[in-house]
Amino acid sequence: MAIGQVSHELEVNVSASEAWDLYGSLELAKFVEQELPNLIEKVQIIQGDGGVGSILKVTFASGSGVQKEKFTKVDHEKRSRK
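Going by this note's numbering, the residue at position 12 of the sequence shown is 351; the numbering climbs one at a time, nothing skipped.
Shown next, in the form of structure tokens:
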């Protein structure tokens with residue numbers, strides 16, 4: 340099993356609060372699953388409601404693997420999530 344970190348910056352044409360409403364919740368997982376079916380086969384919420392301790396299981400399309408993500412820090416003031 341590989342453990343690591345991935346980051347990417349992307350400029351979006353919405354306000355920071357609108358972007359955080361999507362990114363800072365489980366809505367991003369639902370959005371990605373619906374909008375990128377050729378990349379993401381399924382996103383399952385294993386535990387939680389989007390806060391610290393939440394766990395997501397992402398199954399990639401074409402049998403290219405599975406990833407689990409655990410939210411260890413969610414800071415709504417600074418708009419950051421790890």
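Using N, Cα and C, we set each Cβ at its ideal position, and we do this for glycine too.
Cβ shell of residue i (< 6 Å), same chain only, five flanking positions each side left out
i: GLU372; result: ILE379, VAL382
i: ALA358; result: VAL351
i: THR398; result: GLU380, LYS381, VAL405
Buried versus exposed, by CB contacts within 10 Å (16 or more), residue i
i: GLY363; result: buried
i: LEU375; result: exposed
i: ARG420; result: buried
Nonlocal neighbours in the same chain, by C-beta distance under 7 Å from residue i, ignoring five residues either side
i: THR411; result: VAL391, LYS421
DSSP bridge partner residues for residue i (one or two, in chain order)
i: GLU348; result: In DSSP, GLU348 forms no bridge with anything.
i: GLU408; result: LEU395
Please specify which runs of the alpha helix (DSSP H), each continuous and at least 4 residues long, are wholly inside the region 357-399, giving them in chain order.
List check, alpha helix (DSSP H) in window: 366-374.
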